[in-house]
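J.: Take my numbering: the final residue in the sequence shown is number 521, and no numbers are missing along the way.
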Amino acid sequence: MEQDIMQKVMDEVMKRLGSGSTVVTPEKATQEKEKCETPNVSVQKSVVGVTEYVGISEGDTIGLVVANVEPMLHEKLGIDKKFRSVGIFSGRTGAGPQIMAADEAVKATNTEIVSIELPRDTKGGAGHGSLIIFGAEDVSDARRAIEVALKDLRRTFGDVYANDAGHLEFQYTARASYACNKAFNAPVGRAFGLIVGAPAGIGFVMSDAALKAAEVDLIDYLSPTKGLSLTNEVVITFTGDSGAVRQALIAARTIGKKLLGAMGAEPKSATTPYI
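(1) Write down the C-beta distance between leucine 495 and isoleucine 448 rounded to the nearest angstrom, noting that I regard them as a contact closer than 8 Å.
(2) Which class does lysine 328 belong to by DSSP, given the choice of helix, strand or coil?
(3) Please list, in chain order, all residues of the same chain as glycine 370 whose beta carbon is under 8 Å from its beta carbon, the five residues on each side excluded.
(4) Is the beta carbon of leucine 476 less than 8 Å from the beta carbon of leucine 468?
(5) Can you say whether threonine 297 is buried or exposed, counting buried as having 16 or more other CB atoms within 10 angstroms of its CB?
(6) Within 10 angstroms of its Cβ, does alanine 511 collect 16 or more other Cβ (buried), or is it exposed?
(7) Could you check which residue in Gly305, Gln417, Ala382 and Thr307 has the C-alpha nearest to that of isoleucine 521?
(8) Among the residues of its own chain, which have a CB less than 8 Å from the CB of glutamine 290, if the five just before and after it don't count?
(9) Quick check: the Cα distance between alanine 429 and glycine 295, rounded to an integer number of angstroms?
(10) So what does arginine 366 bridge to, in DSSP terms?
(11) Mind reading off the beta-carbon distance from valine 394 to phenylalanine 380? Whole number of angstroms is fine, and I expect it under 8 Å.
(12) To the nearest angstrom, how far is it from the Cα of leucine 506 to the Cα of histidine 374?
(13) Do you know how far the Cα of alanine 351 is from the Cα of alanine 516?
(14) Just to confirm my understanding: we take leucine 464, look at its own chain, exclude 5 residues before and 5 after, and list those with CB closer than 7 Å. What are they?
(15) Rounded to a whole number of angstroms, what is the C-alpha to C-alpha distance between glutamate 316 and alanine 455?
(16) Give the DSSP bridge partners of histidine 413, in chain order.
(17) Among Lys472, Ser336, Asp405 and Ile378, which one has its Cα closest to the Cα of arginine 492?
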């Protein structure tokens, strides 16, 4: 069966190339086979030869699974014993995009968020990296959660803007789930917004503008020594009606891009804006 699949893939590659003289290596055929078998996962796949590997995506983020966590490590994690499998979502740059993507993954799969940690990172920049762990009773659920999260990262990086001087981030969901709740105390089922600005002064001004622009309820205000890992950011989280949350985000984005742009090049979206 495996040989038949491989042969079909190699035949398809030859058709695409339009030449019978081109050599198709087994490695190339294997890559094409993986693309055919996982069409719904928008990540940069590569053959790494490690069963725990799922994929990579924006923000230097890697997705991994462990089918059976070693008992001593499981005990130290302090997680429910029913979660024998875990999905690991680990990024160097960004915390908000990964958390929002994880929120979508929890909605779509039979998993729970075990832990969310925000290390001081951003590859030397002003903000956070992220480490998110999903718990699952079956490894297939853990893997599916990571696939969903990896794919959604391209969307959630859409309203991340940066230049050499700093970065801005805006996140929105019409219905917060358990990742947003665990990370930010967002009310489950309600619209939720997140604003991040670095350097921190820009974050403060954006926060003020957002709260003046719309009738929203402030959940939290985070600053370098209050709730953050000494990062040079100000972060606010808020909830309210869907339209009001979006209005607040748009107001903050408008002023934030102007302020950060005054410090350097025009801040560009990491992918495609979605708010």
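Just so you know, even glycine gets a beta-carbon here, dropped at the ideal spot from N, CA and C.
T.: Checking against the coordinates, here is how it stands:
(1) As a first step, residue 495 is located in the sequence shown; it is residue number 249 there, counting from the start. As a first step, residue 448 is located in the sequence shown; it is residue number 202 there, counting from the start. Between leucine 495 and isoleucine 448, the beta carbon gap of about 15 Å keeps them out of contact (Cβ cut-off 8 Å).
(2) Translated into the one-based positions of the sequence shown, residue 328 becomes position 82. Reduced to three states, the DSSP call for lysine 328 is coil.
(3) As a working mapping, residue 370 is identified with position 124 in the sequence shown. In its own chain, leaving out the 5 sequence neighbours on each side, no residue places its CB closer than 8 Å to the CB of glycine 370.
(4) Working through the sequence shown from its first residue, we reach residue 476 at position 230. Working through the sequence shown from its first residue, we reach residue 468 at position 222. The answer is no: Cβ separation not under 8 Å.
(5) In the sequence shown, counting from the first residue as 1, residue 297 sits at position 51. Flag for threonine 297 reads exposed.
(6) By 1-based counting over the sequence shown, the position of residue 511 is 265. Counting other Cβ atoms within 10 Å of its Cβ, alanine 511 stays below 16 and is therefore classed as exposed.
(7) Position 275 of the sequence shown holds residue 521. For the residues Gly305, Gln417, Ala382 and Thr307, the minimum Cα distance to isoleucine 521 belongs to Gln417.
(8) Position 44 of the sequence shown, counted from the first residue, corresponds to residue 290. Its pLDDT being 47, under 50, glutamine 290 is placed unreliably in this model, and the value from its coordinates should be taken loosely. Within the same chain, and ignoring the five residues on either side of glutamine 290 in sequence, the residues whose Cβ sits closer than 8 Å to its Cβ are Gly301, Ile302 and Ser303.
(9) The count along the sequence shown starts at 1 and reaches residue 429 at position 183. The count along the sequence shown starts at 1 and reaches residue 295 at position 49. Rounded to whole angstroms, alanine 429 to glycine 295 spans 33 Å at the Cα level.
(10) Working through the sequence shown from its first residue, we reach residue 366 at position 120. Partner(s): His374.
(11) For the purposes of this step, residue 394 is taken as the residue at position 148 of the sequence shown. For the purposes of this step, residue 380 is taken as the residue at position 134 of the sequence shown. Taking C-beta atoms under 8 Å as the contact rule, valine 394 and phenylalanine 380 fail to qualify, at a distance of about 10 Å.
(12) By 1-based counting over the sequence shown, the position of residue 506 is 260. By 1-based counting over the sequence shown, the position of residue 374 is 128. Leucine 506 and histidine 374 have their C-alpha atoms roughly 18 Å apart.
(13) As a first step, residue 516 must be located in the sequence shown, where it is residue number 270. As a first step, residue 351 must be located in the sequence shown, where it is residue number 105. In this structure, the alpha-carbon of alanine 516 lies about 21 Å from that of alanine 351.
(14) Within the sequence shown, residue 464 is the residue found at index 218, counting from 1. Correct list, in chain order: Leu457, Ile482 and Phe484.
(15) Position 70 of the sequence shown, counted from the start, is the residue given in the question as residue 316. Position 209 of the sequence shown, counted from the start, is the residue given in the question as residue 455. Distance between the alpha carbons of glutamate 316 and alanine 455 is about 49 Å.
(16) Here the question's residue 413 lines up with position 167 in the sequence shown. In DSSP, histidine 413 forms a bridge with Ala408 and Ala444.
(17) Stepping through the sequence shown from its first residue, residue 492 is reached at position 246. Nearest in C-alpha terms to arginine 492, of all of Lys472, Ser336, Asp405 and Ile378, is Asp405.
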